[in-house]
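Chains as they are written, first to last, in the working numbering: chain A, 2 to 176; chain B, 2 to 176. Note that CB positions come from ideal geometry on N, CA and C, so glycine has one too. On a predicted model such as this, the values are computed, not experimentally measured, just so you know. Presented below is the structure to which this report refers.
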DNA sequence: ATCGGCATGTAATGCGTTACATGATTTG
DNA sequence: CAAATCATGTAACGCATTACATGCCGAT
């Protein structure tokens, strides 16, 4: 899951410019770093060359002209190939957030699978820390420990709610 | 805040081997990725050459021998220089977690400053999202939005508790 | 007997950032 | 009138990952 896939996934939901993509991430800087233009623009150029995206230039009256990128059929195929082949599972919050950003493009089942996997990781972490909370070797680590536990609990709760919703939708689709 | 500083900060708290450092991070993979040996070991070698750390080789009976690294006075000086000069503030959760890991080495004031800065970022995010929650341009982003809000609230709460504790300690040091 | 954990290391490569370059428009 | 926002782009570089290499020990 690198910028390439993120861009493709975003364009699958909506046509955007490089600037738009950057802006979208800027709103989430407290969670993950926004990609730099130095990686954004060259990647868009590459995708264009490969025919996975197409461009419409909107001549900006006054402002500089925007380049609105759209995903092509070939792009969609490559995206699906990536997303459905669950591949090597990355575990960090960064990877998970990137997946969430693409959520609207994922099938409900794939999304549910992602959330469930994340849930397992968090549950495992919480269980592990409960058993080792008075480990004498861990000298200066209680702060990060406490932080982790608090965040993990909150996230686990959130995941459970979302998973329940998805299950309900599954049982009675568009009531 | 790259691996160099993280390693230095960890060694400032306790003598460790490369393997130990890796293990410490492995327990937090759901939050941030653990550094690879390919970056860990070469960095330790560099720090050794520069005289910022020293080594004690523990011949492992049975197991392979461990290299216990310790920070030197020069290392401590460089660390302090880095940590006290608050420098360009990084904002992502990754950077914040790295700071928390070093928390035990930080002075209470510096730590409080870090937490307060983080608190401001989160508060700003929450305020911003409240005002723009029914933005029509934001098509497929409600899931990440909701996730962000939930996590940010939990983290903000946690920060407030810690900050209150630090303030209390400040007013009556070692009662 | 094989797998996971302990423990260290190197070389090639990938992915991304930083710094630079440009320029008009809106907002304070 | 200065600063922030809109908007795109390139070249050099840094930092870290991946893949590889090695080997013993304890548990299943």
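For a cutoff of 9 Å on Cβ pairs, would you count residue 158 (chain B) as touching chain A? Sequence index remark: in the second chain, residue 158 (chain B) carries index 157 (1-based). At a cut-off of 9 Å, the C-beta of residue 158 (chain B) has a neighbouring C-beta in chain A.
Answer yes or no: do residue 43 (chain B) and residue 22 (chain B) have a C-beta to C-beta separation smaller than 9 Å? Position 42 of the second chain holds residue 43 (chain B). Position 21 of the second chain holds residue 22 (chain B). Not a contact, by the Cβ cut-off of 9 Å.
With respect to 8 Å, is the separation between the Cβ of residue 92 (chain B) and the closest non-hydrogen atom of the ligand SAM below this value? As presented, the structure is devoid of all ligands, the ligand SAM included, so that no description of it is given.
Can you list the residues of chain A that residue 34 (chain B) reaches, using a CB-CB cut of under 9 Å? Locating residue 34 (chain B) in the second chain gives position 33, counting from the first residue. Residues of chain A whose Cβ lies closer than 9 Å to the Cβ of residue 34 (chain B) are, in chain order, 91, 92, 93, 95 and 96.
Out of A:32, A:102 and A:20, which has the shortest C-alpha to C-alpha gap to residue 64 (chain A)? By one-based count along the first chain, residue 64 (chain A) stands at place 63. Out of A:32, A:102 and A:20, A:20 has the C-alpha closest to the C-alpha of residue 64 (chain A).
Going by DSSP, what residue range makes up the beta strand (DSSP E) through residue 71 (chain B)? In the second chain, counting from the first residue as 1, residue 71 (chain B) sits at position 70. It spans 67–72 - the beta strand (DSSP E) in which residue 71 (chain B) sits, taken as one unbroken run.
Could you check if residue 173 (chain B) is buried or exposed, using at least 16 other CB atoms within 10 Å of its CB as the buried criterion? Locating residue 173 (chain B) in the second chain gives position 172, where the first residue counts as 1. Per the 10 Å Cβ criterion, exposed.
By Cβ distance below 8 Å, which residues in the same chain neighbour residue 149 (chain B) in space, the five residues on each side in sequence not counted? The sequence position of residue 149 (chain B) within the second chain is 148, counting from 1. These residues qualify, in order along the chain: 126 and 130.
Is DSSP giving residue 34 (chain A) helix, strand or coil here? Within the first chain, numbered from 1, the residue matching residue 34 (chain A) stands at position 33. In the structure shown, residue 34 (chain A) sits in coil (DSSP, three-state: anything other than H, G, I, E or B).
Beta-carbon of residue 147 (chain A) versus every beta-carbon of chain B: anything under 9 Å? Residue 147 (chain A) sits at position 146 when you count from the first residue of the first chain. Under the Cβ distance rule, residue 147 (chain A) counts among the residues neighbouring chain B, one pair being separated by less than 9 Å.
Could you confirm whether any beta carbon from chain B is found closer than 9 Å to the beta carbon of residue 111 (chain A)? Working through the first chain from its first residue, we reach residue 111 (chain A) at position 110. Closer than 9 Å: no.
Helix, strand or coil, according to DSSP, for residue 93 (chain B) in the structure here? Residue 93 (chain B) sits at position 92 when you count from the first residue of the second chain. It is coil, neither helix nor strand.
Examine chain A for any beta-carbon lying closer than 9 Å to the beta-carbon of residue 52 (chain B), and answer yes or no. In the second chain, the residue the question calls residue 52 (chain B) occupies position 51. Residue 52 (chain B) does not count as touching chain A.
Identify the continuous beta strand (DSSP E) that holds residue 59 (chain B) and give its terminal residues. Position 58 of the second chain, counted from the start, is the residue given in the question as residue 59 (chain B). 54–59 is the span of the beta strand (DSSP E), which, as asked, contains residue 59 (chain B).
Which class does residue 165 (chain A) belong to by DSSP, given the choice of helix, strand or coil? Taking the first chain and counting its residues from 1, one reaches residue 165 (chain A) at position 164. Residue state for residue 165 (chain A) is assigned as helix, using DSSP reduced to three classes.
Cut-off 6 Å between Cβ atoms - residues of its own chain near residue 5 (chain A), not counting five sequence neighbours on either side: As a position in the first chain, residue 5 (chain A) is number 4, starting the count at 1. So the list reads 44, once near-sequence residues are dropped.
How many angstroms separate the CA atom of residue 97 (chain A) from the CA atom of residue 69 (chain B)? For the purposes of this step, residue 97 (chain A) is taken as residue 96 along the first chain, with counting starting at 1. For the purposes of this step, residue 69 (chain B) is taken as residue 68 along the second chain, with counting starting at 1. Pairing residue 97 (chain A) with residue 69 (chain B), the inter-Cα distance amounts to about 35 Å.
For the alpha helix (DSSP H) containing residue 24 (chain A), name the first residue and the last one. Against the first chain, residue 24 (chain A) aligns to sequence position 23. From DSSP, the alpha helix (DSSP H) with residue 24 (chain A) extends over 19–27.
Would the beta-carbon of residue 92 (chain A) fall within 9 Å of that of residue 122 (chain A)? For the purposes of this step, residue 92 (chain A) is identified with residue 91 of the first chain, where counting begins at 1. For the purposes of this step, residue 122 (chain A) is identified with residue 121 of the first chain, where counting begins at 1. Residue 122 (chain A) sits close to residue 92 (chain A), with the two beta carbons spaced by under 9 Å.
With 16 as the cutoff for other CB atoms within 10 Å, does residue 85 (chain A) come out buried or exposed? Taking the first residue of the first chain as position 1, residue 85 (chain A) is located at position 84. Using a 10 angstroms sphere on the CB of residue 85 (chain A), the tally of other CB atoms stays under 16, which defines it as exposed.
Of the residues B:16, B:95 and B:158, the one placed nearest residue 31 (chain B), counting alpha carbons only: Within the second chain, residue 31 (chain B) is the residue found at index 30, counting from 1. For residue 31 (chain B), the closest alpha carbon among the candidates B:16, B:95 and B:158 is that of B:95.
What does residue 102 (chain B) touch in chain A if you count any residue whose Cβ is under 9 Å from its own? Translated into the one-based positions of the second chain, residue 102 (chain B) becomes position 101. Listed along chain A are 141, 142, 144 and 145, each with a C-beta nearer than 9 Å to that of residue 102 (chain B).
Under the rule that 16 or more other beta-carbon atoms within 10 Å means buried, what is residue 75 (chain A), buried or exposed? Walking along the first chain from the start, residue 75 (chain A) turns up at place 74. Exposed.
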